[in-house]
Amino acid sequence: MFHYLIQNSNKNLEFQYSFGACRLYIPQRFLEADQEKIERFIQQNSFATLVSHEGADLIATHLPLELEREEDAAYLRGHLARPNQQWRTFNPSQNVLAIFTGPHAYVSARWYNHLNVPTWNYIAVYVYGKPRLITAHDELYAMLKRLVDKYEAAPPESRYRLENLPPDFVKKEMRGIVGIEIKIERLEAKAKLSQNRNAQDYDNIIAELEKSPGENARSLAAEMRGKRQKLFGEQT
C-alpha cells in the first residue's frame, strides 16, 4: 500500500490506493508508482476499455472515462449507450476494470549492441473499483457538460455547448445513455520503457524511435528521455 498526499489549489487531499497483488504482470523495474504521473496519464489518455463480468464470461466497452477527485476519493466517470447491455451486468459489490493505454512501439533487436530479440515498449494503467449507475438527471447532465467542455477546442464564441441546445432535445438524447461512476480502489501502472537495458542500448532505442514518422514512437521516445537521468545519472 502506497500513501500519497496530493496537492490541491484549495487544500491537501489524501488518497490511498493499493498497489499490492497486481493482476497486471509488472516486473519491478517497469512498475510506475508516481501518483501524479499516473493520474496525469489517465487524464491525457482517457479513452479506456471497461471490463466487467457477465456471469462466467467477460464483457467490454471502449469509452472515455474522466478522472475526477472529490473530498476523500477519486472517481472515473463516463456513460454507456442504453442498449449496451454491459451496464446491466454491474454489481455494486464487485470490481470492474478500466484499462488505459498510451504510446506504444516496436523495438527492433537491430538497435542493440549485442545479439538479442525484438520487443514492444508501452505504457498502461489498470484501474479497479466498484461501479455505480448515475440515474439522476442533474448529475448526469453536469457530467456530460464537463465532458463536452473539456474536449471542445474551438474558440469560445463558436464552441458546442450543452446549455445552448434546446432542453427538450437534450433530455431526449440523455434518455439514450446511462451514466456510470467508478470509485477507484486500486491502480496498477506499467511503463515498459527498456529500463532493463544498458545506457548505450537505451540511447540507441530513443534515437531510433525519434526517427520514426509515427507519433506513438516519438511520444514513447520522449517518455524514455524523461526517465533517463534517474536510470543512468546523466543526460544525453
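The sequence shown begins at 21 in our numbering and counts up by one.
Just so it is clear, CB atoms sit at the ideal spot from N, CA and C, and this is done for glycine as well.
Tell me the residue span of the beta strand (DSSP E) that contains residue i.
i                 : result
valine 198        : 197-212
phenylalanine 120 : 116-127
histidine 99      : 93-101
Since residue i is in the alpha helix (DSSP H), which residue starts that stretch and which ends it?
i              : result
isoleucine 62  : 55-64
isoleucine 143 : Taken as a continuous stretch (DSSP letters only), isoleucine 143 belongs to no alpha helix (DSSP H), being part of the beta strand (DSSP E) at 139-154.
tyrosine 180   : No alpha helix (DSSP H) contains tyrosine 180, which DSSP labels as neither H nor E.
alanine 242    : 235-252
Within 10 Å of its beta-carbon, does residue i have 16 or more other beta-carbons around it, so buried, or fewer, so exposed?
i              : result
glutamine 249  : exposed
asparagine 141 : buried
arginine 97    : buried
proline 112    : exposed
serine 29      : Low confidence applies to serine 29: its pLDDT is 36, below 50, so where it sits in the model is not reliable, and the reading given next is rough at best. It is exposed - the Cβ of serine 29 has fewer than 16 other Cβ atoms within 10 Å.
glycine 234    : exposed
Who are the near neighbours of residue i in its chain, counting only those whose CB is closer than 6 Å to its CB and skipping five residues on each side?
i              : result
asparagine 224 : Trp131
tyrosine 95    : Glu88, Glu201, Lys203
tryptophan 107 : Leu100, Val198
Just to confirm my understanding: we take residue i, look at its own chain, exclude 5 residues before and 5 after, and list those with CB closer than 7 Å. What are they?
i          : result
valine 137 : Ala129
Between residue i and chain D, is the shortest Cβ-Cβ distance under 8 Å, so that the two count as touching?
i             : result
histidine 134 : The structure shown contains no chain D; it holds only a single protein chain.
Look up residue i in the DSSP assignment and give the residues it is bridged to.
i            : result
glutamate 68 : Checking the displayed sequence, the identity of residue 68 turns out to be alanine instead of glutamate. Partner(s): Leu83.
Any contact between the stretch 186-197 and the stretch 208-226? By contact I mean 3 or more CB pairs, one from each, below 8 Å. Contact fails: fewer than three Cβ-Cβ distances are below 8 Å.
At least 3 beta-carbon pairs within less than 8 Å: the stretch 178-190 vs the stretch 221-240: Short answer: they don't touch.
If you pair each beta-carbon of the stretch 231-248 with each one of the stretch 175-184, do three or more pairs fall below 8 Å? No, the stretch 231-248 is not in contact with the stretch 175-184.
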